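Shown next, in structure tokens, is the structure this report addresses.
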Amino acid sequence: MKTLIIAEHDNQTLKVATLNAVAAAQAMGGDIDVLVVGSGCQSVADQAAAVPGVGVVLSADNAAYENQLAENVSLAIAEAATSYDCVMAAATANGKNVMPRVAALLDVAQISDITAILDADTFERPIYAGNVIATVKSSDSKKVITVRTTAFDAVAAEGGNASVQPLDNAHDAGVSSFVREEVAVSDRPELTAASIVISGGRGMQNGDNFVMLEGIADKLNAAIGASRAAVDAGFVPNDYQVGQTGKIVAPDLYIAVGISGAIQHLAGMKDSKVIVAINKDEDAPIFQVADYGLVADLFSALPELESAL
Amino acid sequence: MKVLVAVKRVVDYNVKVRAKADGSDVELNNVKMAINPFCEIAVEEAVRLKEAGTATEVVVASIGDKSCQEQIRTALALGADRGIHVEVDGRPEPLEIAKLLKGVVSSESPDLVIMGKQSIDGDNNQTGQMLAAMTGMGQGTFASEVNVAEGSVQVIREIDGGLQTVKLSLPAVVTTDLRLNEPRYASLPNIMKAKKKPLETLTPIDVGVDIQSHVTLVGVRPPAERSAGIKVESVAQLVDKLKNEAKVIS
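And the structure:
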């Protein structure tokens with residue numbers, strides 16, 4: 001069994017999601033190599049080489065891969081995949097974009113968003129917004145898998161000493177180009193990696209009121225999230241969205257403020273260790289999953305909470 | 001410009017789906033079915049392109065058993081011009097659906113294919129990317145804005161840190177995210193008109209595909225339930241519980 005992990009990175013830093021994927025690969029058993037596809041990404045390859053349990057780091061370093069365009073990156077991955085039994089990536093926006101393309105190039109199914117590995121062919125994955133957990137068995141000899149990062153605890157980032165091998169073949173499909181990226185810069189921890197998340201919903205009433213969450217987030221070193229309703233209403237940008245079709249989070253503490261708790265939102269946060277709900281509607285479904293519920297007007301509760309911390 | 005939209009028939013998003021008692025599959029008897037919400041957004045985007053004069057024809061395709069003609073008719077009522085139903089029994093996998101759609105693409109030669117980013121039943125998020133790979137097209141996945149120009153399309157994509165804009169040569173595949181548009185409701189006259197719009201039924205053989213199965217469903221189970229928590233009376237009590245009982249803050 002040989003597994004190839006696709007590194008998640010920004011050409012400079014190896015993202016923690018990669019370490020979750022390595023953990024999933026360890027659960028599969030066998031040899032683990034990492035493929036870094038990027039441009040000017042030597043430092044990422046070095047970081048991947050330091051991950052314990054990694055045998056070889058393959059580095060496809062070319063300008064065609066600078067912005068992770070799926071059309072180009074998938075060709076590099078599919079080529080490297082020929083000598084592996086399994087290709088795995090974290091189910092991030094990037095993994096979701098690229099990996100099905102790899103699977104199609106290899107003419108195999110993709111198993112999306114796995115949460116457990118039962119054996120080398122059999123996996124668990126949530127379907128219907130996590131209302132049901134399906135056990136699926138793949139008959140493909142080569143597996144293409146994306147991993148739900150919250151289901152596998154990240155392995156250590158340092159302690160290993162893998163060798164780095166450059167891959168010289170560059171691929172440019174020539175059908176797509178990068179125009180620009182607007183990525184929010186924040187001192188707060190990343191939503192999917194934070195140990196505390198505080199999210200606001202429609203009850204926040206407008207984007208300005210999210211300032212009230214910021215003060216609490218600063219005190220708790222928490223990330224800020226939102227429900228789909230709050231994102232759709234334009235209170236906050238799309239990358240705040242927690243839920244079935246947004247980000248999946250499982251922090252130690254999740255504080256839901258003014259969020260009613262639609263199943264699509266619960267799908268993104270119900271595996272959090274401790275859930276707090278603050279809502280003035282005592283019948284809100286969010287209270288059914290909350291460890292601690294506070295029925296209160298958030299506009300008085302939030303300032304009180306901030307000063308109590 | 002011709003636009004092809006793929007739509008899927010799924011359990012209505014308001015229905016809370018449960019596992020059957022024997023754990024063999026999900027309970028789908030007497031459950032309300034609907035067009036997948038992301039596919040509805042795809043139809044809306046195509047219809048808007050036609051209304052803007054950019055698209056000349058909107059073709060809607062669906063893969064599935066006979067009942068999915070209902071969702072094709074819904075798309076026709078929303079403004080698509082004609083439908084193609086590739087009749088397949090059972091639940092074809094994303095890879096096979098992509099192959100069948102590739103067959104439709106070969107005969108229809110659309111300039112743009114618009115699909116939902118995922119269906120809310122399987123939550124796979126694969127088919128658009130797979131179709132793009134098989135046809136050698138560029139892909140603008142998780143789109144929140146689509147701007148068609150001469151020979152190309154610019155797509156603003158929702159990514160983990162924010163937004164990314166890519167430019168794709170046409171033909172290309174776009175998959176929709178939630179904020180691309182707000183789909184309209186079909187008016188009664190349009191629902192009546194949709195019944196007279198052409199709807200062609202094809203078999204997998206017609207589009208040159210021999211369907212294979214790569215994944216089998218072993219069983220389903222409900223997720224682990226969270227035990228019911230408690231209501232606290234005040235912010236002070238909440239902070240005390242988080243510090244001293246749950247020990248998640250210090």
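Each protein sequence line maps, in turn, to chains A and B. Following the working numbering, the numbering of the first sequence begins with 1 at its first residue and continues without gaps. Following the working numbering, the numbering of the second sequence begins with 1 at its first residue and continues without gaps. Glycine included, C-beta positions come from ideal geometry on N, C-alpha and C. In this text, all values refer to a predicted model and were calculated from it rather than measured experimentally.
Contacts between A:Tyr292 and chain B, judged by CB atoms closer than 9 Å, involve Gly229, Ile230, Lys231, Val232, Gln237, Leu238, Lys241, Leu242, Glu245, Ala246 in chain order.
The beta carbons of B:Glu45 and B:Leu180 sit about 6 Å from each other, so the pair counts as a contact at 8 Å. For the stretch 214-265 of chain A, the continuous beta strand (DSSP E) assignments of 3+ residues that do not extend past its boundaries occur at 223-226, 253-257, in sequence order.
The alpha-carbon of A:Ala76 is positioned some 46 Å away from that of B:Lys247.
Listed by position along chain B, the residues whose Cβ is nearer than 8 Å to that of A:Leu220 are Ile249.
Chain order gives the chain B residues near A:Tyr128 as Val11, Val17, Val26, Ile120, Asp121, Asp123, where near means a beta carbon separation below 8 Å. Here A:Ala229 is buried. Its C-beta has 16 or more other C-beta atoms within 10 Å. By alpha-carbon distance to B:Val43, the top candidate from B:Ala52, B:Lys66, B:Ala75, B:Asp25 is B:Ala75. B:Ile41 is not a Cβ neighbour of B:Pro171, given a cutoff of 8 Å. Close to chain A, meaning a Cβ-Cβ distance shorter than 9 Å, are the following residues of the stretch 132-145 of chain B: Ala132, Ala133, Met134, Gly136, Met137, Gly138, Gln139, Gly140, Thr141, Phe142, Ser144.
Straight-line measurement puts the Cα of A:Ala151 at about 24 Å from the Cα of A:Val57. Exclusion of the five residues before and after A:Ala184 leaves Pro237, Asp239 as the residues of its chain whose Cβ lies within less than 7 Å of its Cβ. Using a Cβ-Cβ cut-off of 8 Å, B:Val105 does not count as an interface residue toward chain A, since no Cβ of chain A sits closer than that to its own. B:Leu28 counts as exposed, since fewer than 16 other C-beta atoms from the protein chains shown sit within 10 angstroms of its C-beta. Contact between B:Asp123 and A:Asp113 holds, since their C-beta atoms are separated by about 7 Å, short of 8 Å. The stretch 4-11 of chain B and the stretch 98-110 of chain B touch, with three or more beta-carbon pairs separated by less than 8 Å. The C-beta of B:Pro198 has fewer than 16 other C-beta atoms within 10 Å across all chains shown, which makes the residue exposed. The stretch 94-103 of chain B makes contact with the stretch 125-135 of chain B; the number of CB pairs closer than 8 Å reaches 3 or more. Just so you know, the alpha carbons of A:Gly53 and A:Val34 end up roughly 10 Å apart. The alpha-carbon of B:Gly83 is positioned some 19 Å away from that of B:Leu131.
For A:Val44, no beta strand (DSSP E) encloses it; the enclosing alpha helix (DSSP H) starts and ends at 42-49. Distances from the CA of A:Ala21 to each of A:Leu253, A:Thr149, A:Leu302 were compared; the closest alpha carbon is that of A:Thr149. Under the 8 Å criterion on CB atoms, B:Val218 is classed as interfacial with respect to chain A. Counting only runs of 3+ residues, the beta strand (DSSP E) found wholly inside the stretch 138-208 of chain B occupies 138-149, 152-159, 162-169, 172-176, 199-202, in chain order.
Not flagged as an interface residue toward chain A: B:Ala6, since no C-beta distance is shorter than 8 Å. Using a C-beta cut-off of 8 Å, the stretch 68-88 of chain A makes contact with the stretch 104-120 of chain A, since at least three inter-stretch Cβ pairs fall below that distance. Leaving aside the five residues that flank B:Val220 on each side, the residues in its chain whose CB is nearer than 8 Å to its CB run, in chain order, Ala19, Lys20, Gly23, Ser24, Asp25, Val26. In this structure, A:Gln288 lies away from A:Gly268, with their beta-carbon atoms at least 8 Å apart. In the displayed model, B:Thr216 falls within a strand according to three-state DSSP. Between A:Val257 and A:Ser186, the gap from beta carbon to beta carbon reaches 8 Å or more.
Following the DSSP letters along the chain, one finds B:Arg73 inside the alpha helix (DSSP H) bounded by residues 69-78. Around the beta carbon of A:Gly234, a 10 Å sphere encloses fewer than 16 other beta carbons of the protein chains shown; the residue is thus reported as exposed. In the three-state reduction of the DSSP assignment, A:Ser307 falls in the helix class. Within the same chain, Met1, Lys2, Lys50 come within 8 Å of B:Thr56 by CB-CB distance, once the 5 residues on both sides are set aside. Contact of A:Phe178 with chain B by beta-carbon distance below 7 Å involves Val166. None of the residues of the stretch 56-74 of chain B has a beta carbon lying less than 8 Å from any beta carbon of chain A.
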